[in-house]
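Comments concern the structure below.
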Amino acid sequence: MNNKKRKLLIYGATGYTGKIITARAKALNLDYEIAGRSEDKIKAMAQELNIPYHIFTVDDSKAWERALTDKQVLINAAGPFLLTAEPAMNACLDAGVHYLDISAELDTYRLAESLDDKAKAAGIQLISGAGLFVSYDALVVHLSKLVVEPEYLKVGFRHYGGFSRGSVLSSKNIADLGILIRKNGEILNNPHPRSKMFSFGEEAVECMPTPLGGIILSYKATGIPNIEEFFSLKLPATKLSDLTTENLPDGPTKEERAAGRNGIAAEITGKDGNVVKAYVDAPSGYDLTPLSVVAVAHRILNNDFKIGYQSPGSAYGEEIIKDIPDTHLIDIRQPTQTFL
Numbered sequence: 001m002n003n004k005k006r007k008l009l010i011y012g013a014t015g016y017t018g019k020i021i022t023a024r025a026k027a028l029n030l031d032y033e034i035a036g037r038s039e040d041k042i043k044a045m046a047q048e049l050n051i052p053y054h055i056f057t058v059d060d061s062k063a064w065e066r067a068l069t070d071k072q073v074l075i076n077a078a079g080p081f082l083l084t085a086e087p088a089m090n091a092c093l094d095a096g097v098h099y100l101d102i103s104a105e106l107d108t109y110r111l112a113e114s115l116d117d118k119a120k121a122a123g124i125q126l127i128s129g130a131g132l133f134v135s136y137d138a139l140v141v142h143l144s145k146l147v148v149e150p151e152y153l154k155v156g157f158r159h160y161g162g163f164s165r166g167s168v169l170s171s172k173n174i175a176d177l178g179i180l181i182r183k184n185g186e187i188l189n190n191p192h193p194r195s196k197m198f199s200f201g202e203e204a205v206e207c208m209p210t211p212l213g214g215i216i217l218s219y220k221a222t223g224i225p226n227i228e229e230f231f232s233l234k235l236p237a238t239k240l241s242d243l244t245t246e247n248l249p250d251g252p253t254k255e256e257r258a259a260g261r262n263g264i265a266a267e268i269t270g271k272d273g274n275v276v277k278a279y280v281d282a283p284s285g286y287d288l289t290p291l292s293v294v295a296v297a298h299r300i301l302n303n304d305f306k307i308g309y310q311s312p313g314s315a316y317g318e319e320i321i322k323d324i325p326d327t328h329l330i331d332i333r334q335p336t337q338t339f340l
């Protein structure tokens, strides 16, 4: 693994989320370069930022080799990750460069999991899902320490901020999987999915069963054998069926993103039946993702990493949440029982 250069490569830098990631890297004064397949867009961004750039498609292994020279970490921001994750991961394995992406697609997590031995041999850290799931995983790790032998995890994710074109396209891959849960350590389809109420501070929200990252990522971080996940969003799901690749918006405006916040609520039940609850109050999704993935990249650039396939929580525990601006983990006090 190349430890000589503390340099970051952002692939997919001109996409909706890629632009915000690049702006965050600039704000932190990181040493970074950008890459992507659109010559006009990448070249224009590079000239504006006065940084080096690379133009290539994700399947060009020789171009990857050149672009990853002298890099310590890659952020893959180019979705759908079903199409980009594997060649990008393989390029990082070959180059000895740490890999991060912002995927919410379970199949890319499974792919990363399957590459654990190769990542260890290459001396790199491999994290798929280093965006929204950084604070999610930190929350779960935090709660898992508060009970004896955690057995059941339920997480509700309240999304605010609309959708980017890439997210809507990727969501089709997620929806095709059905309602997945982890039961007794195995990933299964939930035959009887039901909604659940979660508390996000003073507000309780009904969340619908949805396969998110925790059944793989938080299982990696904690080993909790039974995991169910739930999701709530502002936009009616029926509107998604009216969207096509031609009329999808790039994503919410800066003002729209600033108008609301994301929430992640979790509850864990221990073997003794004790239940602990907490939630994360965070910026809206398309601000939280760049803040999170760049926070992880910054750690790696300072030689803070764990070799092999990792989740955000298995690599950095609950402490990583302190690196994400304006993001707060709040424990929910349980009512005291009295016996007469």
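full-length UniProt numbering applies: residue 1 is where the sequence shown begins, and numbers increase by one.
Just so it is clear, CB atoms sit at the ideal spot from N, CA and C, and this is done for glycine as well.
Keep in mind the model is a prediction, meaning the values are calculated, not measured.
Buried versus exposed, by CB contacts within 10 Å (16 or more), residue i
{"i": "ARG194", "result": "exposed"}
{"i": "LEU8", "result": "buried"}
{"i": "HIS54", "result": "buried"}
{"i": "PRO325", "result": "exposed"}
{"i": "LEU288", "result": "buried"}
{"i": "GLN47", "result": "exposed"}
{"i": "VAL148", "result": "exposed"}
{"i": "GLU202", "result": "exposed"}
{"i": "THR238", "result": "Low per-residue confidence applies at THR238: pLDDT is 39, beneath 50, and the placement is therefore not dependable, though the value from the model is reported in the following sentence. Classification of THR238: exposed, given that the 10 Å Cβ count is below 16."}
{"i": "THR253", "result": "exposed"}
{"i": "LYS271", "result": "exposed"}
{"i": "residue 356", "result": "Outside the displayed range of the chain (1 to 340) lies residue 356, so it cannot be described from this structure."}
Beta-carbon proximity list for residue i, same chain, < 8 Å, skipping 5 on both sides
{"i": "GLN310", "result": "GLN125, LEU126, ILE127 and LYS220"}
{"i": "PRO236", "result": "Residue confidence is low: PRO236 scores 36 on pLDDT, short of 50, so the model does not pin down where it sits. Its coordinate-derived value is still stated next. Excluding residues within five positions, none has a Cβ falling inside 8 Å."}
{"i": "ILE42", "result": "ALA13, THR14, ILE34, ALA35, GLY36, TYR53, HIS54 and ILE55"}
{"i": "ILE20", "result": "TYR286, ASP287, THR289 and PRO290"}
{"i": "THR22", "result": "ILE10, ALA13, TYR32, ILE34, MET45 and LEU49"}
Close beta carbons around residue i, own chain, < 7 Å, minus the five adjacent residues each side
{"i": "SER284", "result": "TYR160, GLY161, ARG257, GLY260, ARG261 and ASN262"}
{"i": "LYS322", "result": "none"}
{"i": "PRO335", "result": "Because the pLDDT at PRO335 is just 46, under 50, the model does not fix this residue reliably, and the value given afterwards should be weighed accordingly. Same-chain partners within the cutoff: there are none."}
First and last residue of the uninterrupted beta strand (DSSP E) at residue i
{"i": "GLN125", "result": "125-128"}
{"i": "LEU28", "result": "First-last for LEU28: undefined, no H or E at that position."}
{"i": "TYR160", "result": "Note, TYR160: premise wrong, no beta strand (DSSP E); not H, not E."}
{"i": "ALA266", "result": "261-270"}
{"i": "LEU217", "result": "LEU217 -> not in any beta strand (DSSP E); alpha helix (DSSP H) instead, spanning 217-222."}
{"i": "ARG257", "result": "From DSSP, ARG257 is part of no beta strand (DSSP E) but of the alpha helix (DSSP H) over 254-258."}
{"i": "LEU188", "result": "186-189"}
Enclosing alpha helix (DSSP H) for residue i [first to last residue]
{"i": "THR108", "result": "106-114"}
{"i": "ASP142", "result": "Per the sequence presented here, residue 142 reads as His, with Asp not at that position. Segment 133-144, the alpha helix (DSSP H) holding HIS142."}
{"i": "ILE300", "result": "285-301"}
{"i": "PRO312", "result": "312-316"}
Rounded Cβ spacing between residue i and residue j (contact assumed at less than 8 Å)
{"i": "VAL140", "j": "THR222", "result": "6 Å"}
{"i": "PRO80", "j": "VAL58", "result": "Wrong, their Cβ atoms sit about 11 Å apart, outside the cutoff."}
{"i": "ILE227", "j": "LEU111", "result": "Wrong, their Cβ atoms sit about 19 Å apart, outside the cutoff."}
{"i": "ALA78", "j": "THR84", "result": "5 Å"}
{"i": "THR17", "j": "ILE102", "result": "6 Å"}
{"i": "MET89", "j": "LEU115", "result": "6 Å"}
{"i": "SER232", "j": "VAL134", "result": "About 20 Å separates the two Cβ atoms, so there is no contact after all."}
Cβ-based neighbour list, residue i, same chain, cut-off 6 Å, excluding 5 preceding and 5 following
{"i": "HIS328", "result": "ASP281"}
{"i": "ALA63", "result": "PHE56"}
{"i": "SER314", "result": "LYS220 and ALA221"}
Notebook entry, point to check: What are the start and end residues of each continuous beta strand (DSSP E) run of 3 or more residues lying completely inside the UniProt domain "Saccharopine dehydrogenase NADP binding" (9-124), in chain order?
Noted result: 32-36, 53-55, 73-76 and 98-101
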